[in-house]
Amino acid sequence: MEPYREALTDTKYGSLWLDQDDRPEPLAPLTKDENCQLLIVGGGFTGLWAALQAKERMPDCDIILIESTAIGDGASGRNGGMLHASLTHGANNADHHFPGEKDRIGQLGRRNLKELLESLERYGIDARYENVGSMTVATDESQVASLRGAYTRRKAAGADVVWFDQDEIQQAVNSPTYQAGLWSRGGQDGLVDPARLCWGLKAAALSLGVRVFEDTPLMSVSPEGTGMRAVCAHGTVHSDKILVATNAFPSPFRPIRKSVIPIWDYQLATEPLTPAQLAAIRWGETRHSVSNEAEMFHYYRMTQDNRITWGGGGSVCYYYGSRTDPGVADDRGRFERLSKEFFETFPQLEGLRFSHRWGGIIASSTRFCMVPGVAYDSRVSWAVGYTGLGVGASRFGARVGLELLGYQPSEILDLQFVRKRALNWPPEPLRWAGVTLTRHAMANADAHGGKRGLWLKLLDRLHVGFAC
Ligand SMILES: Cc1cc2nc3c(=O)[nH]c(=O)nc-3n(C[C@H](O)[C@H](O)[C@H](O)COP(=O)(O)OP(=O)(O)OC[C@H]3O[C@@H](n4cnc5c(N)ncnc54)[C@H](O)[C@@H]3O)c2cc1C
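Take 650 as the starting number for the sequence shown in our numbering and just add one per residue.
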């Protein structure tokens, strides 16, 4: 058997993060009708931050949060834990979609991250935060050129960035594929354990009096008098308002189904590295996350017990009909591909085995960042579609969702980022054809030194993004 297949033989399906002894016991489902002022649907970062911020703004507000399976079981407990201040996948993307707002959005993102970290302190949430920044590496000449350009621009703008040429980057993290590196180490960007963050937020919300029901899927929503009626599997919630935080999952709201699609992303986690293996890759000291500058990029990091989690690359995909069911979650071929790509990057780790494999859904919008919205005369709001950059941004999304419901609205509601409608994804079969074509075009660009074909150039002109 090839070593990359052998490395997968004892893996367990499921997120490494959620597989911890101190995972809290699930809370009981909703089994009877309930009333509240605010119903939050979805127990990932967005829903949990919404509950916390609503209680901070209005301590007396009666809040129910329902989660269809378990808190953190969606993207929030399955991600890379890379925490970034950016709300929009960088200033360039903000400038593309919301001209004139990139500085303001940048400030809001930094403030959001600062407040997020202050909340961790305030509520005693040990999310294993490490302020280590992030490294982007180049693995071919065209990537070196684009990374160098990014370095020059960001340095000129005063950012704390460090350039590594080929020798230097291989000294920092030893992969024969690296040709250059750019370490962004200023600010508060870093790493967290995403499941611990979810569980900490859940405990904080409960301590403030939020009523949380797990194993409680929302089935349908309708207006009722001046409020809303939310029918769940074994009970109905009558509420004044609803904040929807279901991200890439099938939504009862048509505007969400049109503006966000589920892109599957797969991850592997290795066993803890031995001291000899750590020495062979020389990454143990800086511990920043790493991603490469490719279109179909990999992103990876070290955990506190010295494992590597590895995701992205050629396995990222979309299934016809926006499928999110378990049938596509455990795709052997995609994990084999991920494993092969891992050992191409770190051949000196041959023999290392993976302990966990899992898939998760990224809510992708055509603008590469959060899409907010309202329905039923602003009795319902949502914030979805972070397109793979939601660990930090979801807290801001939750704030937008609350303010759209009229809870202490502020000037952020005037931003194009909040007001401008996102371009919808086309219906099937165009959706599948377009995404699949884009995926092939991106892989093709990677295989040909970054040369963008006609299709990618057209998308660039239309400012349409793909999975990230
Ligand atoms: C593999 C992977 C890697 C990623 N890596 C990173 C990263 O390193 N850095 C980063 O910034 N971002 C990353 N992301 C993105 C980030 O995880 C998400 O943007 C973020 O978690 C979104 O949080 P959320 O609460 O909006 O959505 P989710 O965490 O998906 O939560 C939605 C919740 O709603 C629940 N739900 C759905 N439908 C219903 C219903 N009908 N009734 C009740 N509940 C319902 C779901 O069960 C789920 O728990 C990654 C995502 C994935 C999938």
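Think of the CB as a built atom: it goes at the ideal place given N, C-alpha and C, for glycine as much as any other residue.
Q: Can you say whether K1100 is buried or exposed, counting buried as having 16 or more other CB atoms within 10 angstroms of its CB?
A: By one-based count along the sequence shown, residue 1100 stands at place 451. Classification of K1100: exposed, given that the 10 Å Cβ count is below 16.
(Q) Please state the DSSP three-state secondary structure of A918. (A) Position 269 of the sequence shown, counted from the start, is the residue given in the question as residue 918. Reduced to three states, the DSSP call for A918 is strand.
Q) First and last residue of the beta strand (DSSP E) that includes P843? A) Residue mapping note: residue 843 aligns to position 194 of the sequence shown, counting from 1. No beta strand (DSSP E) contains P843, which is instead part of the alpha helix (DSSP H) from 843-856.
Q. Can you give the Cα-Cα distance for T1015 and G721, rounded to whole angstroms?
A. Along the sequence shown, one-based indexing puts residue 1015 at 366. Along the sequence shown, one-based indexing puts residue 721 at 72. Distance between the alpha carbons of T1015 and G721: 25 angstroms.
(Q) Less than 6 angstroms separating the Cβ of A894 from some heavy atom of ligand 1? (A) The sequence position of residue 894 within the sequence shown is 245, counting from 1. Under cutoff, so the answer is yes.
Q. Is the beta carbon of F898 within less than 6 angstroms of some heavy atom of ligand 1?
A. Here residue 898 corresponds to residue number 249 of the sequence shown, with the count starting at 1. Checking the Cβ of F898 against ligand 1 gives yes.
Q.
If we require 4 or more residues per run, which alpha helix (DSSP H) segments fall completely within the stretch 956-1012?
A. 981-994
Q: Quick one: residues in its chain with C-beta nearer than 6 angstroms to the C-beta of F1115, no 5 flanking neighbours on either side, listed in chain order?
A: Looking up residue 1115 in the sequence shown gives position 466. At F1115 the pLDDT is 48, less than 50, meaning the model places this residue with poor confidence; the figure from the coordinates comes in the next sentence. Correct list, in chain order: T1087.
Q: Whole angstroms is fine: what's the gap from G963's alpha carbon to D744's?
A: By one-based count along the sequence shown, residue 963 stands at place 314. By one-based count along the sequence shown, residue 744 stands at place 95. Spanning the two alpha carbons is a distance of roughly 28 angstroms.
Q.
Quick check on L1107: does DSSP put it in helix, strand or coil?
A. Residue 1107 sits at position 458 when you count from the first residue of the sequence shown. Three-state result, L1107: helix.
Q. Taking buried to mean at least 16 other C-beta atoms within 10 Å of its own C-beta, is E1052 buried or exposed?
A. Numbered from 1 along the sequence shown, position 403 holds the residue referred to as residue 1052. Buried, by the Cβ-count rule.
Q: Leaving aside the five residues before and after F898 along the sequence, list all residues of the same chain whose C-beta is less than 8 angstroms from its C-beta, in chain order.
A: Locating residue 898 in the sequence shown gives position 249, where the first residue counts as 1. If we look at F898 and ignore the five residues flanking it on each side, its Cβ neighbours are G691, S717, G723, P911, T973, I1010.
Q. Hey, would you say the C-beta of R936 is under 6 angstroms away from at least one heavy atom of ligand 1?
A. Here residue 936 refers to the residue found at position 287 of the sequence shown. No.
**Q.** Opposing strand residues paired with T731 [DSSP bridges]
**A.** Locating residue 731 in the sequence shown gives position 82, where the first residue counts as 1. The question names Thr, but residue 731 is Met in the sequence shown. M731 pairs with L840.
Q. Does the beta carbon of D914 fall short of 6 angstroms from some heavy atom of ligand 1?
A. Taking the sequence shown and counting its residues from 1, one reaches residue 914 at position 265. True, at least one ligand heavy atom lies under 6 angstroms from that Cβ.
**Q.** Nearest-angstrom Cβ-Cβ length linking G1083 and P1076, presumed shorter than 8 angstroms
**A.** Position 434 of the sequence shown, counting from 1, holds the residue named residue 1083. Position 427 of the sequence shown, counting from 1, holds the residue named residue 1076. In fact, because the Cβ distance is near 11 angstroms, the residues do not count as touching under 8 angstroms.
Q. If you follow the alpha helix (DSSP H) that Y772 is part of, which residue opens it and which one closes it?
A. For the purposes of this step, residue 772 is taken as residue 123 along the sequence shown, with counting starting at 1. Taken as a continuous stretch (DSSP letters only), the alpha helix (DSSP H) holding Y772 covers 751-772.
Q: Go through its chain and collect everything with a Cβ distance to D775's Cβ below 7 angstroms, but skip five positions before and after it.
A: Here residue 775 corresponds to residue number 126 of the sequence shown, with the count starting at 1. Excluding sequence neighbours, D775 sits near R845, G849.
Q: Could you check what DSSP says for E674 in three-state terms: helix, strand or coil?
A: One-based indexing of the sequence shown puts residue 674 at position 25. Coil, per DSSP.
Q) Anyone know if the C-beta pair for Q828 and V793 falls short of 7 angstroms? A) Residue mapping note: residue 828 aligns to position 179 of the sequence shown, counting from 1. Residue mapping note: residue 793 aligns to position 144 of the sequence shown, counting from 1. The answer is yes: Cβ separation under 7 angstroms.
Q) Which one or two residues does DSSP pair with T785 in a beta bridge? A) Working through the sequence shown from its first residue, we reach residue 785 at position 136. The partner list for T785 (beta bridge, DSSP) reads L831, S940.
Q.
Run through the DSSP bridge pairs and tell me what T885 is partnered with.
A. Counting from 1 along the sequence shown, the entry for residue 885 is found at position 236. According to DSSP, T885 bridges with V880.
**Q.** Inter-residue Cα distance where the pair is L1054 and M707
**A.** Locating residue 1054 in the sequence shown gives position 405, where the first residue counts as 1. Locating residue 707 in the sequence shown gives position 58, where the first residue counts as 1. Cα-Cα distance, rounded: 13 angstroms.
Q.
I'd like to know whether the C-beta atoms of L667 and H1005 end up nearer to each other than 7 angstroms.
A. The residue labelled residue 667 in the question sits at position 18 within the sequence shown. The residue labelled residue 1005 in the question sits at position 356 within the sequence shown. The criterion of a C-beta distance shorter than 7 angstroms is not satisfied by L667 and H1005.
Q.
Short of 7 angstroms in beta carbon distance, which residues of its chain neighbour T935, apart from the five on each side in sequence? Order them along the chain.
A. Indexing the sequence shown from 1 puts residue 935 at position 286. Within the same chain, T935 has close Cβ partners V781, A821.
Q.
Would you say the beta carbon of D722 is closer than 6 angstroms to some non-hydrogen atom of ligand 1?
A. Start at 1 with the first residue of the sequence shown, and residue 722 comes out as number 73. Yes, Cβ of D722 sits closer than 6 angstroms to a heavy atom of ligand 1.
Q) CB-CB under 6 angstroms to V1113, same chain, minus the five flanking residues each way: which ones, in chain order? A) Here residue 1113 refers to the residue found at position 464 of the sequence shown. Here the set comprises T1015.
Q. Between which two residues does the beta strand (DSSP E) containing E873 stretch?
A. Numbered from 1 along the sequence shown, position 224 holds the residue referred to as residue 873. Per DSSP, E873 belongs to the beta strand (DSSP E) from 867-873.
Q: On the DSSP bridge assignment, give the partners of K661 in chain order.
A: What you label residue 661 is simply residue 12 of the sequence shown in a count that begins at 1. K661 is bridged to H1005.
**Q.** Three-way DSSP call (helix, strand, coil) for L687 in this model
**A.** Within the sequence shown, numbered from 1, the residue matching residue 687 stands at position 38. Here L687 sits in strand by DSSP.
(Q) With three or more beta-carbon pairs closer than 8 angstroms as the criterion, would you say the stretch 728-738 touches the stretch 855-875? (A) Touching, no.
Q) Taking Cβ positions, are G1022 and P904 nearer each other than 7 angstroms? A) Numbered from its first residue, the sequence shown carries residue 1022 at position 373. Numbered from its first residue, the sequence shown carries residue 904 at position 255. Closer than 7 angstroms, so yes.
Q) DSSP state of M707, grouped into three classes? A) Taking the sequence shown and counting its residues from 1, one reaches residue 707 at position 58. Note: M707 maps to coil in three-state DSSP.
Q. Between D914 and Y662, is the Cβ-Cβ spacing less than 7 angstroms?
A. The count along the sequence shown starts at 1 and reaches residue 914 at position 265. The count along the sequence shown starts at 1 and reaches residue 662 at position 13. Their beta carbons are not under 7 angstroms apart, which means D914 does not touch Y662 by this criterion.
Q: Tell me whether M945 counts as near ligand 1, meaning its Cβ is closer than 6 angstroms to at least one heavy atom of that ligand.
A: Here residue 945 refers to the residue found at position 296 of the sequence shown. Because no heavy atom of ligand 1 lies under 6 angstroms away, the Cβ of M945 does not count as near it: no.
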